[in-house]
Amino acid sequence: MGGFFSSLFDEMGARRRRLRAALGDRGQALVEFLVLGGIALGSAGLFVREWMVAAAPWGFAIPAVFVIGFLLIEARRQASLARGAEGERVSPSYDWIVLLWSFGCALAGAAAFVIALTSEPPALPGEEIWTPPESSVPVDISP
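This is the structure:
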C-alpha cells in the first residue's frame, strides 16, 4: 500500500507540473481554485443558512466522492502501468479523466450550494399566511 501512495503523490506532482506547463502559473492556480472552491462551497457553504442543509444534504458527500473517485482513477492508472503500458502515454491520457472528474465534482458542489441557497425556508409552525378580510376587497361576480 505504501507503493500506491508514493506513486499517487509522485503522479499528483507530475500532473500539476504538466498542468502548469500547459496553462501557465495563473491558469493552473485558477483551475485548482475553481475545483477546490466548488467542492468546499458544496459542503461548507451549506451552513450559510439554517434550512440549506435540508435542501441539499447530498452536498456533504461531494468531498468524499471526489477523493474516492480520484483514488479509483489512480488505481486504474497504476494497474495499466503494471500491465506494461508506457508511462509517457498513460499519464497524459489520465490527466483528462482527472480534470473532468475534478470539474464534475466542483460543479456538483456549486449546484448543491445554488439549489440550497435558492430554496425557500420552511414555514414556521404557527405562522399563518395573511389574507385580507373579505370586507376590504369588494368582489362582484355575477353571471
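My numbering puts the first residue of the sequence shown at -12, with every later residue one more than the last. In this text, a Cβ means the ideal position worked out from N, Cα and C, and glycines have one as well. The structure displayed is predicted, hence computed values, not measured ones.
On the three-state DSSP scale, how would you describe residue i?
i, result
"residue 54", "helix"
"residue 82", "helix"
"residue 105", "helix"
"residue 45", "helix"
"residue 110", "coil"
"residue 1", "helix"
For residue i versus residue j, is the C-beta spacing smaller than 8 Å?
i, j, result
"residue 49", "residue 95", "yes"
"residue 38", "residue 108", "yes"
"residue 19", "residue 61", "no"
"residue -6", "residue 42", "no"
"residue 15", "residue 21", "no"
Please list, in chain order, all residues of the same chain as residue i whose beta carbon is under 8 Å from its beta carbon, the five residues on each side excluded.
i, result
"residue 45", "99"
"residue 34", "40"
"residue 84", "60"
At a threshold of 7 Å, does residue i count as lining the ligand GTP (C-beta to nearest heavy atom)?
i, result
"residue 26", "Of ligands this structure carries none, so the ligand GTP is not represented either."
Within a Cβ cutoff of 7 Å, which residues of the same chain sit near residue i, ignoring the five residues on either side of it in sequence?
i, result
"residue 68", "74 and 77"
Using a Cβ-Cβ cutoff of less than 6 Å, which residues in the same chain neighbour residue i once the five nearest sequence positions on both sides are dropped?
i, result
"residue 47", "30"
So, does the segment -12 to 5 touch the segment 49 to 56, judging by three or more C-beta pairs under 8 Å? no
* Counting Cβ pairs, one atom from each stretch, are 3 or more of them under 8 Å apart for the segment 67 to 83 and the segment -8 to 7? -> yes
Answer yes if the segment 87 to 94 comes into contact with the segment 24 to 32, meaning at least three C-beta pairs across the two stretches below 8 Å, and no otherwise.
-> yes
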